[in-house]
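Okay, so the sequence shown: first residue is 6 according to my numbering, each after it adds one.
No residue lacks a Cβ here, since even glycine has one placed at the ideal position from N, Cα and C.
This one's a predicted model, so the numbers in the text were calculated from it and none came from an experiment.
First up is the structure itself, then whatever we jot down about it.
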Amino acid sequence: MITAASPANAATDNVWSRLATCESSSNWAAHTGNGFTGGLQFTKSTWRQFGGTAFAPTANEASRGQQVVIAKRVQAAQGWNAWPSCSRKIGLAG
């Protein structure tokens with residue numbers, strides 16, 4: 006049975022989608038060689054530190070949902086400033 010996302014989940018999903026649009030043009034498989042990978046542009050050390058390697062060796066090899074799981078952990082620990090430029094651009098951090 007398929008159920009609709011709750012309003013809270015939909016709002017949270019929208020935040021991660023907006024952030025990924027800014028960070029990587031919504032390319033969840035982004036790997037540009039600049040030291041950041043995935044839709045939310047994780048460093049290897051952040052991906053590893055927050056448990057991402059349970060899903061994939063690097064963020065760009067993980068699914069969108071898996072990247073969001075790790076992003077929520079990062080956000081809980083570091084706040085929106087973990088994505089300093091884009092979080093300000095989309096109104097998440099001052």
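{"query": "Contact under 8 Å by Cβ, ALA59 with GLY43", "result": "no"}
{"query": "Through-space distance from LEU24 to PHE47, alpha-carbon basis", "result": "12 Å"}
{"query": "Proximity below 8 Å, CB of PHE41 to CB of ARG78", "result": "no"}
{"query": "Exposure label - ALA67; buried when at least 16 CB within 10 Å", "result": "buried"}
{"query": "Helix, strand or coil at THR42 [DSSP, three-state]", "result": "strand"}
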